[in-house]
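K.L.:
The sequence shown lines up with residues 582 to 710 when you count with my numbering. Think of the CB as a built atom: it goes at the ideal place given N, C-alpha and C, for glycine as much as any other residue. Since the model is a prediction, treat every value here as computed from it, not as a measurement. Right, I'll just put the structure down here and ask away after.
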Amino acid sequence: MIEHIYRRMNQEAFQYWREPLMDPICRKANLQMPRDVPIDGQPADVCASYDKYNGWFVNPNKKVPTLCFYATPGAVTIESDAEWQQENIAKHETSWVGPGIHFLQEENPEAWGRQMRDWYLRITKEQTK
Numbered sequence: 582m583i584e585h586i587y588r589r590m591n592q593e594a595f596q597y598w599r600e601p602l603m604d605p606i607c608r609k610a611n612l613q614m615p616r617d618v619p620i621d622g623q624p625a626d627v628c629a630s631y632d633k634y635n636g637w638f639v640n641p642n643k644k645v646p647t648l649c650f651y652a653t654p655g656a657v658t659i660e661s662d663a664e665w666q667q668e669n670i671a672k673h674e675t676s677w678v679g680p681g682i683h684f685l686q687e688e689n690p691e692a693w694g695r696q697m698r699d700w701y702l703r704i705t706k707e708q709t710k
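Written as structure tokens, this is what we have:
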């Protein structure tokens, strides 16, 4: 998973980062999610859950504010995805956190935390108007 981190870690930091993954029981959650990603409509129950969520997420009448972080070069969400989301999804914001690939809260924890806080304060202020 180190290839999914843009910044370089020294050996001590890398060992600390890997520590929870050394225990097979602790690895179970990290291993299960990729196994549950639907491929060609299977597993059907997971595919149905994804479809239901995606329908809610892009619904123009969605009431719940959402936020998506992205980085450059990015992996899951790249800049063009973020631009599309910003233009096409109701009550949705995107936030660039700087250089990164996949684990953005680890790549830029200060930017990620600051932007999460600012977004939360903004939406709670809007909801109390």
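Per DSSP, what kind of secondary structure is Ala671 in: helix, strand or coil?
P.N.:
Numbered from its first residue, the sequence shown carries residue 671 at position 90. Ala671 falls in the coil class under three-state DSSP.
K.L.:
How should Thr714 be labelled, buried or exposed, when 16 other C-beta atoms within 10 angstroms of its C-beta is the threshold for buried?
P.N.:
Because the chain in this structure spans residues 582 to 710, residue 714 falls outside the shown range and cannot be described.
K.L.:
Helix, strand or coil for Phe650, going by three-state DSSP, please let me know.
P.N.:
Start at 1 with the first residue of the sequence shown, and residue 650 comes out as number 69. Reduced to three states, the DSSP call for Phe650 is strand.
K.L.:
Output needed for Glu660: all residues of its chain with C-beta closer than 7 angstroms, excluding positions within five of it in sequence on either side, in chain order.
P.N.:
For the purposes of this step, residue 660 is identified with residue 79 of the sequence shown, where counting begins at 1. Cβ within range, chain order: Tyr651 and Thr653.
K.L.:
Does the distance from the CB of Lys609 to the CB of Pro646 come in under 9 angstroms?
P.N.:
Mapped onto the sequence shown, residue 609 falls at position 28. Mapped onto the sequence shown, residue 646 falls at position 65. The answer is no: Cβ separation not under 9 angstroms.
K.L.:
Once you ignore the five residues that flank Pro641 on each side, which residues in its own chain have a CB closer than 6 angstroms to its CB?
P.N.:
Taking the sequence shown and counting its residues from 1, one reaches residue 641 at position 60. The answer, listed in chain order, is Ala671.
K.L.:
Could you spell out where the alpha helix (DSSP H) holding Lys609 opens and where it closes?
P.N.:
Numbered from its first residue, the sequence shown carries residue 609 at position 28. It spans Pro605 to Asp617 - the alpha helix (DSSP H) in which Lys609 sits, taken as one unbroken run.
K.L.:
Could you tell me if Leu685 is buried or exposed, where buried requires 16 or more neighbouring beta carbons within 10 angstroms of its beta carbon?
P.N.:
Mapped onto the sequence shown, residue 685 falls at position 104. With 16 or more Cβ atoms within 10 Å of its Cβ, Leu685 is classed as buried.
K.L.:
Can you tell me whether DSSP reads Gly655 as helix, strand or coil?
P.N.:
To locate residue 655, count along the sequence shown from 1; it is residue 74. If DSSP states are grouped into helix, strand and coil, Gly655 belongs with coil.
K.L.:
Here's a check: name, in chain order, each residue in its chain whose Cβ is nearer than 7 angstroms to the Cβ of Gly622, leaving out the five neighbours to either side.
P.N.:
Within the sequence shown, the letter at position 41 stands for residue 622. These residues qualify, in order along the chain: Cys628.
K.L.:
Counting only the same chain and skipping the five closest in sequence on each side, list residues whose C-beta sits under 6 angstroms from that of Pro615.
P.N.:
Numbered from 1 along the sequence shown, position 34 holds the residue referred to as residue 615. Here the set comprises nothing.
K.L.:
Using the C-alpha atoms, what's the distance from Tyr634 back to Arg698?
P.N.:
Your numbering for residue 698 matches position 117 in the sequence shown. Your numbering for residue 634 matches position 53 in the sequence shown. Approximately 25 angstroms, taken between the alpha carbons.
K.L.:
Excluding the five sequence neighbours on either side, which residues of its own chain have a C-beta within less than 6 angstroms of the C-beta of Gln696, listed in chain order?
P.N.:
For this step, residue 696 is matched to residue 115 along the sequence shown. Ser676.
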